[in-house]
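Just below is one structure, and these are the notes that go with it.
Printed below as a string of structure tokens:
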């Protein structure tokens, strides 16, 4: 069998646990969040029993300043249809300025992704504080809805061949 | 002008003000120039300054094979000097270790013109990067070869395809870049030619885990080119060496110019113009815009 | 060797015929001023005038990336599955003699003690139809290495244009001769003056080669000068970009990488080059940690080690390395420098 099929079959790239858009396909959203604000906010959403879309997979990092843009690319390579990056509000960073650096970094990185043909609705950013459980649930639902409308990330699916 | 340059280099070496002069000498092919390394005054007569002097010599300052103890004189066009200033800004070299022999420059020949054996500079043979050059005279130098030249306002944009691409749909852009990047063979000539890609261990050389796949398939090529463009964001000085070195003629300058324009628009910063400033992506302003963040 | 005439009209029919028989036909194609080998539908896809393609035909026998197998790590152990490797019967049309000449050289290493089945399968399934070179480039130096712009090494069929209507066809191999039987109507008998004309074309083309290298004595110098200040001198301007290695037909180093995650992935073979700083990096030692040592490896491998082990020099004089080098390193200049030293020490 061809390596492209193999990769899909092995769940290495697009298609792991999901089917083509239409037949009960659900988007895979990867969220890179900071430990001190957004992760705590997500926790609060949980303890408050706020419902949100289950398509989200959360990856916790100490700070948004630690998020290498490469992670976003890797998420797409490994089958995500959308990525959400979320952290502390400016001024509230646990490490004082990590989110300021992240802000500049992502302000430019997203333009690079856009230039290369990635629809920016697939890469979204938010500030969610530890107290904003409701905002977290809303963000997750919003991003999932938009990505679901757009369908699977066909671009990355196609280039995952041998 | 070559004479002025040779005399200066000879003087610097005779007075032992520098241990080495990095400049251009004649190549073996018609009208070409190539990097040379001079360590004695007699060799100074090999130095030339012509529109074929395309290389960015700053790349040799961070390579261990071309470092010599002591001060170094380096001939630098405006774009090359910008690279020097970014290296100084990033603490890779010290200003006091350099003697910058500035070259007042009207432009250099494009890769195509050189391949065709042309030696005269005109509108057609001029390299694209020169058409939007801000630094016909290097921003700072210890000695200037030639008279100061003011940079004219660009009459046209050789990178207008950037605006054209921006006006298209994401799918069209994706198709365009997949097509261009399909030729990438991961030779890393772009990285090696770039004076600012000086990491001892490039991200592609990290194998545990292998962040950037080494294979030259579509996925690996996209990852490499995105990451290189991003690692140069706010640092690239637009010297065009990456595109010139690329054996597969990939329009790398489109990516780099696009990002340079973004950084200028968003943060008002242009790399390599003032080494007293902080690099744009190494600093921040609490009032930076965040219209894209919910 | 059988010789026939192929008229341009019949050449067009040949390409059509090969495609109809299920061959993929590749030839030089122009796109935005660059000539690359790509699939052609008919001879109208061929560029009217060109010296050579930007790349060599190496990628048809050793692809830049090639999947080998897939693996899965399970509790019971590691499972591997082979991946489809069957090479497609192909015809490479319009290959210049210098490029074809690399094949018999590099076949030796791939058919060595461990036979490289993938490479050999591709070799078997690919027909190489050469087209003689009438306008050598400034960087060409095939003649100095014993090759010719109308040479036949590595070709299955060698075509030499006698004029703009007729091609002199020489059937070099059995594979090439099969086309005589498969397309009997396309070949015409040669006329009395054709061989003479062919020799004229060769002479003219050879006359246009401007680069000369004197190879006598160079191998011996290399045998004796592993350590020499020359290596540092010639490689100082080298930035290790790898372009010359990747475009060189005879360079054949590769790496094998596993791409996936800890549990499953695809194993691939990909191009590699001894120019990369980490090529010889080992936990305990790095024997080629500086560019001069890496550059020495290039010269030594091509002009000494390969000769010692297999016989031929691993260089065909195509000149791509000279054309593509961004810092003006010139292999013929280096060989000339070595020759100078050979001559100088002969005088002593």
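Chains as they are written, first to last, in my numbering: chain F, 341 to 502; chain H, 322 to 615; chain Z, 643 to 990.
Ideal Cβ positions, reconstructed from N, Cα and C, are used throughout, including at glycine.
Give the DSSP-derived three-state secondary structure of residue i in the structure shown.
{"i": "residue 579 of chain H", "result": "helix"}
{"i": "residue 964 of chain Z", "result": "helix"}
{"i": "residue 709 of chain Z", "result": "strand"}
{"i": "residue 798 of chain Z", "result": "coil"}
{"i": "residue 850 of chain Z", "result": "coil"}
{"i": "residue 523 of chain H", "result": "coil"}
{"i": "residue 496 of chain F", "result": "helix"}
{"i": "residue 471 of chain F", "result": "coil"}
{"i": "residue 315 of chain F", "result": "Since the first residue of chain F shown is 341 and the last is 502, residue 315 of chain F is not available in this structure."}
{"i": "residue 607 of chain H", "result": "coil"}
{"i": "residue 978 of chain Z", "result": "helix"}
{"i": "residue 346 of chain H", "result": "strand"}
{"i": "residue 528 of chain H", "result": "strand"}
{"i": "residue 770 of chain Z", "result": "strand"}
{"i": "residue 498 of chain H", "result": "helix"}
{"i": "residue 461 of chain F", "result": "helix"}
{"i": "residue 384 of chain F", "result": "helix"}
{"i": "residue 549 of chain H", "result": "helix"}
{"i": "residue 716 of chain Z", "result": "strand"}
{"i": "residue 558 of chain H", "result": "coil"}
{"i": "residue 591 of chain H", "result": "coil"}
{"i": "residue 336 of chain H", "result": "coil"}
{"i": "residue 958 of chain Z", "result": "coil"}
{"i": "residue 735 of chain Z", "result": "strand"}
{"i": "residue 787 of chain Z", "result": "helix"}
Looking at the C-beta of residue i, does it have a partner C-beta in chain B at a distance below 8 Å?
{"i": "residue 410 of chain H", "result": "The chain inventory of the structure shown lacks chain B, comprising the protein chains F, H and Z."}
Return the first residue and the last residue of the beta strand (DSSP E) that residue i is part of.
{"i": "residue 913 of chain Z", "result": "906-913"}
{"i": "residue 897 of chain Z", "result": "896-902"}
{"i": "residue 372 of chain F", "result": "369-374"}
{"i": "residue 724 of chain Z", "result": "719-724"}
{"i": "residue 811 of chain Z", "result": "808-813"}
{"i": "residue 420 of chain H", "result": "419-424"}
{"i": "residue 466 of chain H", "result": "464-466"}
{"i": "residue 405 of chain H", "result": "No beta strand (DSSP E) contains residue 405 of chain H, which is instead part of the alpha helix (DSSP H) from 399-410."}
{"i": "residue 396 of chain F", "result": "396-401"}
Would you list the residues sitting across from residue i in a DSSP beta bridge?
{"i": "residue 341 of chain H", "result": "H/393"}
{"i": "residue 680 of chain Z", "result": "Z/669"}
{"i": "residue 355 of chain H", "result": "H/346"}
{"i": "residue 466 of chain F", "result": "F/426"}
{"i": "residue 647 of chain Z", "result": "Z/810 and Z/830"}
{"i": "residue 447 of chain H", "result": "H/430"}
{"i": "residue 480 of chain H", "result": "Answer is none; residue 480 of chain H lacks a bridge partner."}
{"i": "residue 803 of chain Z", "result": "Z/809"}
{"i": "residue 614 of chain H", "result": "F/465"}
Starting from residue i, trace the alpha helix (DSSP H) in both directions and tell me its first and last residue.
{"i": "residue 752 of chain Z", "result": "739-752"}
{"i": "residue 877 of chain Z", "result": "871-877"}
{"i": "residue 940 of chain Z", "result": "933-942"}
{"i": "residue 949 of chain Z", "result": "948-952"}
{"i": "residue 862 of chain Z", "result": "860-866"}
{"i": "residue 664 of chain Z", "result": "Unbroken run through residue 664 of chain Z: none, as it is neither H nor E."}
{"i": "residue 409 of chain F", "result": "409-417"}
Within the present structure, is the beta-carbon of residue i separated from the nearest heavy atom of the ligand GTP by less than 7 Å?
{"i": "residue 399 of chain H", "result": "With respect to the ligand GTP, the structure shown offers nothing to examine, as it has no ligands at all."}
Task: Where the segment 970-984 of chain Z meets chain H: residues whose CB sits under 7 Å from a CB there - done: Residues of the segment 970-984 of chain Z whose Cβ lies closer than 7 Å to any Cβ of chain H, in chain order: 970, 972 and 975.
Open item on the list: Does the structure place the segment 474-485 of chain H close enough to the segment 565-582 of chain H that three or more beta carbon pairs sit under 8 Å?
Closed with: Using a C-beta cut-off of 8 Å, the segment 565-582 of chain H makes contact with the segment 474-485 of chain H, since at least three inter-stretch Cβ pairs fall below that distance.
Task: contact_flag[the segment 849-862 of chain Z, the segment 775-783 of chain Z] where n(CB pairs < 8 Å) is 3 or more - done: The segment 849-862 of chain Z, when compared against the segment 775-783 of chain Z, does touch it at the 8 Å Cβ threshold.
Open item on the list: Can you pull out the residues from the segment 879-899 of chain Z whose beta carbon lies closer than 9 Å to at least one beta carbon of chain H?
Closed with: Taking 9 Å as the Cβ-Cβ cut-off against chain H, the residues of the segment 879-899 of chain Z that qualify are 879, 880, 881, 882, 883, 884, 885, 886, 887, 888, 889, 897 and 899.
Task: Touch test, the segment 408-422 of chain F against the segment 380-392 of chain F, Cβ-Cβ under 8 Å, three pairs minimum - done: The segment 408-422 of chain F, when compared against the segment 380-392 of chain F, does not touch it at the 8 Å Cβ threshold.
Task: Selection of the segment 415-434 of chain F by Cβ proximity to chain H, strictly under 8 Å - done: Cβ proximity to chain H below 8 Å picks out 417, 430 and 431 from the segment 415-434 of chain F.
Task: Members of the segment 381-396 of chain F that neighbour chain H once the beta carbon cut-off is set at 7 Å - done: Within the segment 381-396 of chain F, no residue qualifies.
- [ ] With 8 Å as the limit, tell me which residues of the segment 570-604 of chain H have their beta carbon closer than that to any beta carbon of chain Z; keep them in chain order.
- [x] Cβ contacts with chain Z: 570.
- [ ] Check each residue of the segment 432-455 of chain H: if its Cβ is closer than 8 Å to any Cβ of chain F, include it; give the result in chain order.
- [x] Within the segment 432-455 of chain H, no residue has a Cβ that lies closer than 8 Å to any Cβ of chain F.
Task: Validate contact between the segment 466-483 of chain F and the segment 603-615 of chain H using beta carbons, cut 8 Å, 3 pairs - done: Yes, they touch.
Open item on the list: Would you call the segment 719-729 of chain Z in contact with the segment 913-924 of chain Z, where contact means no fewer than 3 C-beta pairs closer than 8 Å?
Closed with: With fewer than three CB-CB distances shorter than 8 Å, the segment 719-729 of chain Z does not count as touching the segment 913-924 of chain Z.
Task: Against chain H: residues of the segment 475-486 of chain F by CB proximity under 7 Å - done: Within the segment 475-486 of chain F, the qualifying residues are 479.
- [ ] Residues of the segment 918-936 of chain Z with a CB closer than 7 Å to any CB of chain H: list them in chain order, please.
- [x] Of all residues in the segment 918-936 of chain Z, only 920, 932, 933 and 934 place a beta-carbon less than 7 Å from a beta-carbon of chain H.
Task: the segment 548-562 of chain H touching the segment 576-596 of chain H, judged by at least three CB pairs closer than 8 Å - done: Yes, since at least three Cβ pairs between the segment 548-562 of chain H and the segment 576-596 of chain H fall closer than 8 Å, the two stretches touch.
Task: Against chain H: residues of the segment 448-462 of chain F by CB proximity under 9 Å - done: Cβ contacts with chain H: 448, 449, 450, 451, 452, 453, 454, 455, 456, 457, 458, 459 and 460.
Task: Contact the segment 337-356 of chain H vs the segment 373-385 of chain H: 3+ CB pairs below 8 Å - done: Look at the beta carbons and you see the segment 337-356 of chain H touching the segment 373-385 of chain H: at least three pairs across the two are nearer than 8 Å.
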